[in-house]
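The structure under discussion appears below in the form of structure tokens.
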Amino acid sequence: MWIATSGSKMPANGMFGRNRDDGASSITQRGLTLLNDAKQRDAIVLFDRALALEPDYVPALIAKGNALVAIDRQADAIACYDRVLARSPADGKAHFNRGCALVNLYRMLSPAAPPEAPFEEAIAAFESAERYGHPKAGAVLTVLRQFAELAAMNTGSSAESPNRAIVLVPDS
């Protein structure tokens with residue numbers, strides 16, 4: 505049923521009932537608003553709802569990964585980015601954000617971890633991000649390579665690994 509209002513038509517249920525699109529896209533947008541308001545856990549609930557509708561919806565997967573990074577659930581975030589990359593291997597943002605989560609994950613490892621290990625997989629992710637055109641990847645690669653060299657020079661030293669000084673934020 506349609507109702508005429510001011511010369512245009514609108515669905516009758518839009519006037520009294522549900523009047524917004526509850527598809528994956530709009531749910532993800534509402535989640536992004538919560539994420540921007542630092543309400544990560546509430547945002548994750550909405551991203552999960554969007555993914556229940558469309559399991560491979562890339563914007564929801566990336567946003568959920570970003571929210572998980574913000575609450576220090578790096579491994580879960582990496583799983584989200586990996587799902588994107590399984591579907592879209594040339595997604596520069598997913599490679600970049602995966603690299604950020606890897607650096608943050610390895611930053612939390614014990615000092616006994618080999619100093620080069622924290623950077624190898626992250627550097628590979630940032631190299632892929634750069635190859636697929638992510639605008640920030642080259643600068644991050646430069647810094648990570650410098651930290652990796654510094655870490656290699658500090659092996660055997662009692663000094664804290666430099667990887668603990670790095671915290672990276674995924675690209676939204």
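Residue numbering for the sequence shown follows my numbering, starting at 505 and increasing by one per position.
Don't be surprised by glycine CBs; every beta carbon is placed ideally from N, CA and C.
Next item on the list: Return the CA-CA distance between H599 and R587, expressed in angstroms with no decimal places.
Entry: In the sequence shown, the residue the question calls residue 599 occupies position 95. In the sequence shown, the residue the question calls residue 587 occupies position 83. Rounded to the nearest angstrom, the two C-alpha atoms are 11 Å apart.
Checklist line | Exposure of R522, with buried meaning 16 or more beta-carbon neighbours within 10 Å | finding: Here residue 522 refers to the residue found at position 18 when the sequence shown is read from its first residue. Because R522 sits at a pLDDT of 41, beneath the cut-off of 50, its placement in the model cannot be relied upon, and the following sentence gives the value as read from the coordinates. Exposed, because fewer than 16 other Cβ atoms sit within 10 Å of the Cβ of R522.
Item checked: Exposure of P593, with buried meaning 16 or more beta-carbon neighbours within 10 Å -> Reading the sequence shown from its first residue, position 89 is the one you call residue 593. With fewer than 16 other Cβ atoms within 10 Å, it is exposed.
Note to self: Out of R602, L654, M612 and S529, which one is the CA nearest neighbour of P559?
What the structure shows: Along the sequence shown, read from residue 1 onward, the residue named residue 559 stands at position 55. Comparing Cα positions, the closest option is S529.
Item checked: Three-state secondary structure assigned by DSSP to K568 -> Start at 1 with the first residue of the sequence shown, and residue 568 comes out as number 64. K568: helix per DSSP, three-state reduction.
Next item on the list: Below 6 Å CB to CB, which residues in the same chain sit around E625 once its five sequence neighbours on both sides are set aside?
Entry: As a first step, residue 625 is located in the sequence shown; it is residue number 121 there, counting from the start. The residues L606, in chain order, have a CB closer than 6 Å to that of E625 in the same chain once the five nearest residues on each side in sequence are set aside.
Check: Using a Cβ-Cβ cut-off of 7 Å (strictly less than) and excluding sequence neighbours within five positions of Q544, which residues of its own chain qualify?
Finding: The residue labelled residue 544 in the question sits at position 40 within the sequence shown. Correct list, in chain order: A571, A574 and I575.
Next item on the list: Specify, as a first and last residue, the run of the alpha helix (DSSP H) that D586 falls within.
Entry: Translated into the one-based positions of the sequence shown, residue 586 becomes position 82. That run of the alpha helix (DSSP H) goes Q578 to R591.
Check: In whole angstroms, what separates the C-alpha of F551 from that of D541?
Finding: Within the sequence shown, numbered from 1, the residue matching residue 551 stands at position 47. Within the sequence shown, numbered from 1, the residue matching residue 541 stands at position 37. The straight-line gap from Cα to Cα measures roughly 15 Å.
Note to self: Here's a check: name, in chain order, each residue in its chain whose Cβ is nearer than 6 Å to the Cβ of A581, leaving out the five neighbours to either side.
What the structure shows: Taking the sequence shown and counting its residues from 1, the one referred to as residue 581 is at position 77. Cβ contact annotation for A581 (same chain, cutoff 6 Å, sequence separation greater than five): G569, L572, V573 and A605, in chain order.
Next item on the list: Express the C-alpha separation of L565 and L538 in angstroms, rounding to a whole number.
Entry: Residue numbering aside, residue 538 sits at position 34 when the sequence shown is read from its first letter. Residue numbering aside, residue 565 sits at position 61 when the sequence shown is read from its first letter. One C-alpha to the other measures close to 15 Å.
Notebook entry, point to check: Buried or exposed: which applies to G596, given that a residue is buried once 16 or more other Cβ atoms fall within 10 Å of its Cβ?
Noted result: Position 92 of the sequence shown, counting from 1, holds the residue named residue 596. With 16 or more other Cβ atoms within 10 Å, it is buried.
Note to self: By alpha-carbon positions, which one of R649, F630 and C584 ends up nearest to G603?
What the structure shows: Against the sequence shown, residue 603 aligns to sequence position 99. Selected option, being the one with the closest Cα: F630.
Next item on the list: Go ahead and pull the three-state DSSP assignment for H599.
Entry: Looking up residue 599 in the sequence shown gives position 95. In the structure shown, H599 sits in a helix (DSSP, three-state: H, G or I).
Next item on the list: Report yes if the C-beta distance between D675 and N601 is below 8 Å; otherwise report no.
Entry: Translated into the one-based positions of the sequence shown, residue 675 becomes position 171. Translated into the one-based positions of the sequence shown, residue 601 becomes position 97. It is a contact, given that the beta carbons lie within the stated cut-off.
Check: Considering only the beta carbon of each residue, do A633 and A641 sit closer than 8 Å?
Finding: On the sequence shown, position 129 is the one that residue 633 refers to. On the sequence shown, position 137 is the one that residue 641 refers to. Yes, Cβ-Cβ distance for A633 and A641 is below 8 Å.
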